[in-house]
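Given below as C-alpha coordinates:
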(Lines of atoms letter the chains of each structure in order from A and count residues from 1; the text may use other names and numbers.)
(Lines give C-alpha, C1' and ligand atoms only; values in the text may rest on other atoms or scores of the structure.)
Protein backbone atom coordinates (compact mmCIF):
# COMPACT_ATOMS: atom_id res chain seq x y z
CA UNK A 1 0.00 0.00 0.00
CA UNK A 2 2.82 2.39 0.82
CA UNK A 3 4.57 1.77 -2.49
CA UNK A 4 1.31 2.11 -4.40
CA UNK A 5 0.39 5.38 -2.69
CA UNK A 6 3.79 6.86 -3.48
CA UNK A 7 3.59 5.78 -7.13
CA UNK A 8 0.01 7.00 -7.55
CA UNK A 9 0.71 10.34 -5.93
CA UNK A 10 3.80 10.97 -8.05
CA UNK A 11 2.03 10.03 -11.28
CA UNK A 12 -0.98 12.17 -10.40
CA UNK A 13 1.34 15.14 -9.78
CA UNK A 14 3.23 14.72 -13.06
CA UNK A 15 0.44 14.06 -15.56
CA UNK A 16 -3.25 14.30 -16.21
CA UNK A 17 -5.22 11.86 -14.02
CA UNK A 18 -6.76 10.06 -17.00
CA UNK A 19 -3.31 9.43 -18.45
CA UNK A 20 -2.03 8.17 -15.09
CA UNK A 21 -5.08 5.89 -14.77
CA UNK A 22 -4.56 4.55 -18.26
CA UNK A 23 -0.88 3.83 -17.67
CA UNK A 24 -1.60 2.14 -14.34
CA UNK A 25 -4.48 0.07 -15.71
CA UNK A 26 -2.51 -1.09 -18.76
CA UNK A 27 0.41 -1.95 -16.48
CA UNK A 28 -1.91 -3.85 -14.16
CA UNK A 29 -3.43 -5.82 -17.04
CA UNK A 30 0.05 -6.78 -18.24
CA UNK A 31 1.20 -7.83 -14.77
CA UNK A 32 -1.95 -9.91 -14.26
CA UNK A 33 -1.33 -11.71 -17.54
CA UNK A 34 2.26 -12.34 -16.39
CA UNK A 35 0.89 -13.78 -13.14
CA UNK A 36 -1.24 -16.17 -15.19
CA UNK A 37 1.70 -17.43 -17.24
CA UNK A 38 4.29 -17.52 -14.45
CA UNK A 39 2.13 -18.67 -11.53
CA UNK A 40 4.02 -21.95 -11.26
CA UNK A 41 7.21 -20.04 -10.39
CA UNK A 42 6.80 -19.03 -6.76
CA UNK A 43 9.29 -16.17 -6.63
CA UNK A 44 8.11 -14.60 -9.89
CA UNK A 45 4.50 -15.05 -8.85
CA UNK A 46 5.19 -13.35 -5.53
CA UNK A 47 6.96 -10.44 -7.21
CA UNK A 48 4.21 -9.98 -9.79
CA UNK A 49 1.54 -10.17 -7.09
CA UNK A 50 3.32 -7.43 -5.14
CA UNK A 51 3.50 -5.28 -8.26
CA UNK A 52 -0.19 -5.86 -9.08
CA UNK A 53 -1.19 -4.89 -5.54
CA UNK A 54 0.95 -1.74 -5.66
CA UNK A 55 -0.58 -0.79 -9.00
CA UNK A 56 -4.11 -1.27 -7.69
CA UNK A 57 -3.43 1.05 -4.75
CA UNK A 58 -1.62 3.51 -7.02
CA UNK A 59 -4.85 3.93 -8.97
CA UNK A 60 -6.65 5.50 -6.01
CA UNK A 61 -5.11 8.98 -6.26
CA UNK A 62 -5.49 9.62 -10.01
CA UNK A 63 -8.98 8.08 -10.03
CA UNK A 64 -10.02 10.32 -7.14
CA UNK A 65 -8.61 13.37 -8.91
CA UNK A 66 -10.31 12.40 -12.16
CA UNK A 67 -13.66 11.97 -10.45
CA UNK A 68 -13.43 15.23 -8.51
CA UNK A 69 -12.54 17.16 -11.67
CA UNK A 70 -15.43 15.54 -13.52
CA UNK A 71 -18.00 16.08 -10.75
CA UNK A 72 -18.01 19.86 -10.84
CA UNK A 73 -20.18 21.27 -8.06
CA UNK A 74 -20.58 17.72 -6.73
CA UNK A 75 -17.02 16.92 -5.67
CA UNK A 76 -17.97 15.44 -2.29
CA UNK A 77 -20.49 13.02 -3.76
CA UNK A 78 -18.02 12.24 -6.56
CA UNK A 79 -15.33 11.33 -4.03
CA UNK A 80 -17.81 9.18 -2.09
CA UNK A 81 -18.93 7.49 -5.30
CA UNK A 82 -15.31 6.66 -6.08
CA UNK A 83 -14.91 4.84 -2.78
CA UNK A 84 -18.19 3.01 -3.33
CA UNK A 85 -17.04 2.03 -6.81
CA UNK A 86 -13.81 0.58 -5.37
CA UNK A 87 -15.88 -1.58 -3.02
CA UNK A 88 -18.17 -2.69 -5.84
CA UNK A 89 -15.10 -3.50 -7.94
CA UNK A 90 -13.69 -5.62 -5.11
CA UNK A 91 -16.95 -7.55 -4.83
CA UNK A 92 -17.28 -8.03 -8.59
CA UNK A 93 -13.63 -9.11 -8.81
CA UNK A 94 -14.26 -11.82 -6.24
CA UNK A 95 -17.44 -12.91 -8.03
CA UNK A 96 -16.01 -12.89 -11.56
CA UNK A 97 -12.69 -14.36 -10.40
CA UNK A 98 -14.51 -17.25 -8.73
CA UNK A 99 -16.34 -18.27 -11.88
CA UNK A 100 -13.33 -19.69 -13.75
CA UNK A 101 -12.19 -21.50 -10.61
CA UNK A 102 -15.66 -23.01 -10.21
CA UNK A 103 -15.51 -24.04 -13.87
CA UNK A 104 -12.29 -25.93 -13.15
CA UNK A 105 -9.93 -23.63 -15.06
CA UNK A 106 -7.40 -23.42 -12.26
CA UNK A 107 -6.38 -21.07 -9.52
CA UNK A 108 -4.37 -18.83 -11.83
CA UNK A 109 -7.34 -18.09 -14.11
CA UNK A 110 -8.75 -15.19 -12.02
CA UNK A 111 -5.72 -13.13 -13.01
CA UNK A 112 -7.03 -13.10 -16.60
CA UNK A 113 -10.40 -11.93 -15.30
CA UNK A 114 -8.58 -9.16 -13.46
CA UNK A 115 -6.76 -8.19 -16.64
CA UNK A 116 -10.10 -7.88 -18.45
CA UNK A 117 -11.48 -5.79 -15.59
CA UNK A 118 -8.44 -3.50 -15.78
CA UNK A 119 -9.05 -3.03 -19.49
CA UNK A 120 -12.69 -2.18 -18.75
CA UNK A 121 -11.37 0.41 -16.30
CA UNK A 122 -9.57 2.11 -19.17
CA UNK A 123 -12.90 2.48 -20.96
CA UNK A 124 -14.45 4.11 -17.88
CA UNK A 125 -11.46 6.44 -17.45
CA UNK A 126 -11.78 7.52 -21.05
CA UNK A 127 -15.50 8.18 -20.58
CA UNK A 128 -14.76 10.43 -17.60
CA UNK A 129 -12.06 12.17 -19.62
CA UNK A 130 -14.50 12.83 -22.46
CA UNK A 131 -16.98 14.29 -19.96
CA UNK A 132 -14.26 16.67 -18.79
CA UNK A 133 -13.61 17.81 -22.34
CA UNK A 134 -17.19 18.80 -23.08
CA UNK A 135 -17.84 22.52 -23.04
CA UNK A 136 -19.78 23.59 -19.97
CA UNK A 137 -23.11 25.29 -20.51
CA UNK A 138 -23.83 28.01 -17.97
CA UNK A 139 -27.34 29.35 -17.73
CA UNK A 140 -27.79 32.93 -16.52
CA UNK A 141 -30.57 33.58 -14.04
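Residue numbers (our numbering): 21 to 161. Built from N, CA and C at the ideal position, the CB exists for glycine as well. Keep in mind it's a predicted model, so treat the numbers as computed, not measured.
> In chain order, what residues of the same chain lie with their CB nearer than 6 Å to the CB of residue 144, ignoring the 5 residues before and after it?
Replying inline: Cβ within range, chain order: n/a, list empty.
> Are the beta-carbon atoms of residue 78 and residue 134 separated by less than 8 Å?
Replying inline: no
> So residue 86 and residue 125 are in contact, right, with Cβ under 8 Å, and what is the actual spacing, rounded?
Replying inline: In fact, because the Cβ distance is near 34 Å, the residues do not count as touching under 8 Å.
>> So the candidates are 49, 83, 72; which of them puts its Cα closest to the Cα of residue 41?
In response: Comparing Cα positions, the closest option is 83.
> With respect to the alpha helix (DSSP H) encompassing residue 148, which residues constitute its N-terminal and C-terminal limits?
Replying inline: 130-153
>> Tell me whether the segment 64-75 and the segment 95-106 touch, counting them as touching only if at least three CB pairs, one residue from each stretch, are closer than 8 Å.
In response: Not touching, per the Cβ criterion.
> Which class does residue 123 belong to by DSSP, given the choice of helix, strand or coil?
Replying inline: coil
> For residue 115, which residues of its own chain have a beta-carbon under 8 Å away from its beta-carbon, when the five flanking residues on both sides are left out?
Replying inline: none
> What do you get for residue 21, buried or exposed, if any count of 16 or more other CB atoms within 10 angstroms of its CB means buried?
Replying inline: exposed
> Whose CA, out of 136, 130, 138, 140, lies closest to the CA of residue 59?
Replying inline: 130
> Just reading off the alpha helix (DSSP H) that residue 94 is part of, what are its end residues?
Replying inline: From DSSP, residue 94 is part of no alpha helix (DSSP H); its letter is neither H nor E.
> So, using beta-carbon positions, are residue 138 and residue 31 closer together than 8 Å?
Replying inline: Against a cut-off of 8 Å, the Cβ pair of residue 31 and residue 138 comes out as no contact.
> Since residue 63 contacts residue 132 with CB under 8 Å, what's their CB separation in whole angstroms?
Replying inline: No, residue 63 and residue 132 are not in contact; Cβ-Cβ is about 21 Å, not under 8 Å.
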